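*Asks:* The structure that follows is given in the form of structure tokens.
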Amino acid sequence: MSTFKRNILITGGAGFIGSHVVRLFVNKYPDYKIFNLDKLTYAGNLANLRDIEKNANYEFVKGDIVDGNFIQQLFSSNHFDGVIHLAAESHVDRSISNPMEFIMTNVVGTVNLLNAAKSSWLSDSQPLNSNRFYHISTDEVYGSLGKSGFFTEETKYDPHSPYSASKASSDHLVRAYADTFGLPVVISNCSNNYGPYHFPEKLIPLAINNIIHNKPIPVYGKGENIRDWLYVEDHARAIDVIFHKGKKGETYNIGGHNEWTNIDLIHLLCKISDKKLNREAGATAKLITFVKDRAGHDLRYAIDSSKIQRELGWKPSLQFEEGLEKTVDWYLANQSWTNNITSGDYLKYYEAQYIHR
Ligand code: NAD
Ligand code: DAU
Numbered sequence: 003m004s005t006f007k008r009n010i011l012i013t014g015g016a017g018f019i020g021s022h023v024v025r026l027f028v029n030k031y032p033d034y035k036i037f038n039l040d041k042l043t044y045a046g047n048l049a050n051l052r053d054i055e056k057n058a059n060y061e062f063v064k065g066d067i068v069d070g071n072f073i074q075q076l077f078s079s080n081h082f083d084g085v086i087h088l089a090a091e092s093h094v095d096r097s098i099s100n101p102m103e104f105i106m107t108n109v110v111g112t113v114n115l116l117n118a119a120k121s122s123w124l125s126d127s128q129p130l131n132s133n134r135f136y137h138i139s140t141d142e143v144y145g146s147l148g149k150s151g152f153f154t155e156e157t158k159y160d161p162h163s164p165y166s167a168s169k170a171s172s173d174h175l176v177r178a179y180a181d182t183f184g185l186p187v188v189i190s191n192c193s194n195n196y197g198p199y200h201f202p203e204k205l206i207p208l209a210i211n212n213i214i215h216n217k218p219i220p221v222y223g224k225g226e227n228i229r230d231w232l233y234v235e236d237h238a239r240a241i242d243v244i245f246h247k248g249k250k251g252e253t254y255n256i257g258g259h260n261e262w263t264n265i266d267l268i269h270l271l272c273k274i275s276d277k278k279l280n281r282e283a284g285a286t287a288k289l290i291t292f293v294k295d296r297a298g299h300d301l302r303y304a305i306d307s308s309k310i311q312r313e314l315g316w317k318p319s320l321q322f323e324e325g326l327e328k329t330v331d332w333y334l335a336n337q338s339w340t341n342n343i344t345s346g347d348y349l350k351y352y353e354a355q356y357i358h359r
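Just so we're aligned: the sequence shown equals residues 3 to 359 in our numbering.
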């Protein structure tokens with residue numbers, strides 16, 4: 003007989019955002035059992051969770067959400083009453099070179115989880131009040147903005163990349179399971195995250211790593227594209243609030259009200275790095291290199307997060323300059339984390355430690 007009040011399944015918990023969500027829940031809710039289901043793709047890294055991996059209320063499960071039988075069995079043998087679904091292929095550039103991976107994990111994997119939650123929660127009675135299927139999604143489903151305006155929860159979907167189209171598809175399927183079967187769902191669409199444990203293929207950690215090693219900083223096109231950046235721990239706090247207080251069937255937009263062109267962001271990063279690395283003012287900026295643009299590159303994302311602020315009382319806590327400086331400090335202090343990734347050593351660790359359950 004479990005002594006835990008709730009069994010929560012978090013998918014993708016070994017990734018960037020997932021690891022922050024797992025850490026927050028394991029530490030904040032000792033009376034919840036947190037199951038972290040992750041396939042450990044190239045983006046999953048258990049080193050992200052060393053500080054909590056021995057906690058009594060944490061369990062890691064290695065598994066693939068695309069494997070429907072495995073997911074059904076997992077739900078039958080553990081009575082999950084909540085799901086926070088983050089597992090996904092997340093990198094836009096990879097979706098351009100290999101879209102099918104994105105369809106399998108982001109679409110088929112999400113449907114496998116929806117089916118398992120449906121048979122577990124709706125088979126013989128009404129779902130419990132605490133049952134909640136929470137799908138973590140992206141602002142990229144809304145497409146691209148011009149110079150003005152913001153994405154609201156009512157903005158029409160208009161995805162452009164295979165990644166955003168796969169996330170839009172999974173959002174629609176989550177809503178379809180609510181409308182058709184009465185599954186208790188909630189969705190959030192967030193803007194660009196940054197912070198510790200961000201995989202060094204994404205703009206900010208890639209740039210920091212290249213700066214440390216005096217390598218060129220690749221800026222796509224003219225660097226004019228705009229993103230709305232949010233510190234990852236602020237996103238994790240929003241996920242906590244929405245999971246516990248969000249209304250069934252609702253969507254919440256999460257963002258930083260913090261728009262930067264890529265080139266201005268990189269210049270700020272270079273300025274911070276000059277200071278941290280004791281370089282002459284302007285030395286790091288010499289590494290900036292303009293490269294071929296991303297195909298179908300969305301111009302601007304910007305989130306109107308007034309709904310979550312008004313209804314659930316969440317707001318971002320960190321100013322960007324402060325968050326970026328914290329992030330640079332973390333990457334400088336944890337160079338072995340990045341080096342293990344760039345050398346491929348972290349993949350060997352998994353092979354030695356875990357077998358498919
Ligand atoms: P990430 O790539 O860092 O992590 C994804 C995790 O999912 C990895 O641990 C990976 O091993 C796991 N995974 C991938 N395929 C799997 C499969 N088939 N079965 C089980 N596990 C699998 O991604 P992230 O940046 O942390 O994003 C997490 C979620 O948040 C995604 O759903 C993404 O769409 C969404 N999101 C990300 C951002 C952002 O800025 N990074 C912003 C908004 C929304
Ligand atoms: O908006 C939320 C999305 O943010 C999430 O859904 C995605 O999972 C996440 O990866 C992120 O997508 P982006 O494509 O915006 O992030 P990325 O870090 O890849 O790129 C940020 C911007 O920087 C984008 O305009 C492309 C540009 N870029 C990116 C890379 C990797 C460069 O100029 N050079 C680079 O080397």
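Just so you know, even glycine gets a beta-carbon here, dropped at the ideal spot from N, CA and C.
As the structure is a prediction and not an experimental result, all values here were calculated from the model.
Please go through the same chain and pick out, in chain order, the residues whose beta-carbon is closer than 8 Å to the beta-carbon of P129, but skip the five residues on each side of it.
*Replies:* Around P129, the same chain offers W123, G184, L185, P186 as residues with beta carbons nearer than 8 Å, after the five sequence neighbours per side are excluded.
*Asks:* Sorry if obvious, but does the Cβ on L39 come closer than 7 Å to a heavy atom of ligand 2?
*Replies:* no
*Asks:* Per DSSP, N38 forms a beta bridge with which residues?
*Replies:* I12, F62
*Asks:* Which residue wins for smallest C-alpha separation from Y348, given the options I19, F201, N38, K56?
*Replies:* F201
*Asks:* Tell me the residue span of the alpha helix (DSSP H) that contains P164.
*Replies:* 164–183
*Asks:* Taking the alpha-carbon of D236 as reference, which of N195, F18, F82, D141 has the nearest alpha-carbon?
*Replies:* N195
*Asks:* Nearest CA to the CA of S4: which residue from L205, Y34, I12?
*Replies:* Y34
*Asks:* Considering only heavy atoms of ligand 2 and the C-beta of each residue, which residues fall inside 6 Å, strictly closer?
*Replies:* S92, H93, V94, T140, D141, E142, S193, N194, K204, L205, L208, P220, V221, Y222, N227, R229, N264, R296, Y303
*Asks:* Kindly identify the DSSP beta-bridge partner or partners of N255.
*Replies:* Paired residue(s): N191.
*Asks:* When the Cα atoms are used, what is the spatial distance from Y356 to K64?
*Replies:* With a pLDDT of only 47 at Y356, under the threshold of 50, the placement of this residue in the model should not be trusted; the figure read from the coordinates follows. Going by the C-alpha atoms only, they are around 7 Å apart.
*Asks:* Beta carbon of T286, beta carbon of S275: below 8 Å?
*Replies:* yes
*Asks:* Based on Cα-Cα distance, which residue from T182, Y222, F37 lies nearest to L267?
*Replies:* Y222
*Asks:* Give me the Cβ distance between F153 and Y144, rounded to the nearest whole Å; I'm assuming they're in contact under 8 Å.
*Replies:* 4 Å
*Asks:* Where DSSP assigns a beta bridge to S139, which residues make up the other side?
*Replies:* Note: S139 sits in a beta bridge opposite N191.
*Asks:* Is A90 near T107, with beta carbons less than 8 Å apart?
*Replies:* yes
*Asks:* T112 lies in the beta strand (DSSP E); which residues open and close that run?
*Replies:* No beta strand (DSSP E) contains T112, which is instead part of the alpha helix (DSSP H) from 112–124.
*Asks:* For a test of your reading of the model: does the CB of I19 fall under 7 Å from any non-hydrogen atom of ligand 1? Yes or no.
*Replies:* yes
*Asks:* I need the straight-line Cα distance from R359 to F72, nearest angstrom please.
*Replies:* Caution applies to R359, whose pLDDT of 29 falls short of 50 and renders its modelled position unreliable; the value that the coordinates give is listed next. In a straight line, the C-alpha of R359 is about 9 Å away from that of F72.
*Asks:* How many Å lie between D66 and S92 at the Cα?
*Replies:* 15 Å
*Asks:* Just to confirm, does V68 get its C-beta within under 7 Å of one of the non-hydrogen atoms of ligand 1?
*Replies:* yes
*Asks:* May I ask which residues mark the beginning and end of the beta strand (DSSP E) holding E261?
*Replies:* Here the beta strand (DSSP E) through E261 covers 261–263.
*Asks:* Considering Cα atoms alone, identify which of T43, N38, G46, Y44 is closest to K56.
*Replies:* N38
*Asks:* Can you tell me the Cα-Cα spacing of Y333 and S345, whole angstroms?
*Replies:* 16 Å
*Asks:* Could you tell me if the beta carbon of L88 falls within a distance shorter than 7 Å of some heavy atom in ligand 1?
*Replies:* Flag set: Cβ of L88 near ligand 1.
*Asks:* Let me confirm a value: S166 is counted as buried when at least 16 other C-beta atoms fall within 10 Å, else exposed. Which label applies?
*Replies:* buried
*Asks:* Ends of the beta strand (DSSP E) at H87?
*Replies:* 84–87
*Asks:* Taking the alpha-carbon positions, what's the N114 to D83 distance?
*Replies:* Inter-residue distance for N114 and D83 is about 16 Å (C-alpha atoms, whole angstroms).
*Asks:* For T140 and V109, what's the separation of their Cα atoms in angstroms?
*Replies:* Distance between the alpha carbons of T140 and V109 is about 14 Å.
*Asks:* Output needed for T253: all residues of its chain with C-beta closer than 6 Å, excluding positions within five of it in sequence on either side, in chain order.
*Replies:* E155, I189
*Asks:* Output the distance between the C-alpha atoms of G46 and G20, rounded to the nearest integer angstrom.
*Replies:* 9 Å
*Asks:* Taking N100 as the reference, give the member of G197, L42, S163, S132 with the closest Cα.
*Replies:* S163
*Asks:* Would you call V94 buried or exposed, if buried means 16 or more other Cβ atoms sit within 10 Å of its Cβ?
*Replies:* buried
*Asks:* Please classify A283 as buried or exposed, where buried requires at least 16 neighbouring CB atoms within 10 angstroms.
*Replies:* exposed
*Asks:* Curious, which full-length beta strand (DSSP E) runs of at least 3 residues does the stretch 187–240 contain?
*Replies:* 187–192, 194–196, 219–222, 228–233
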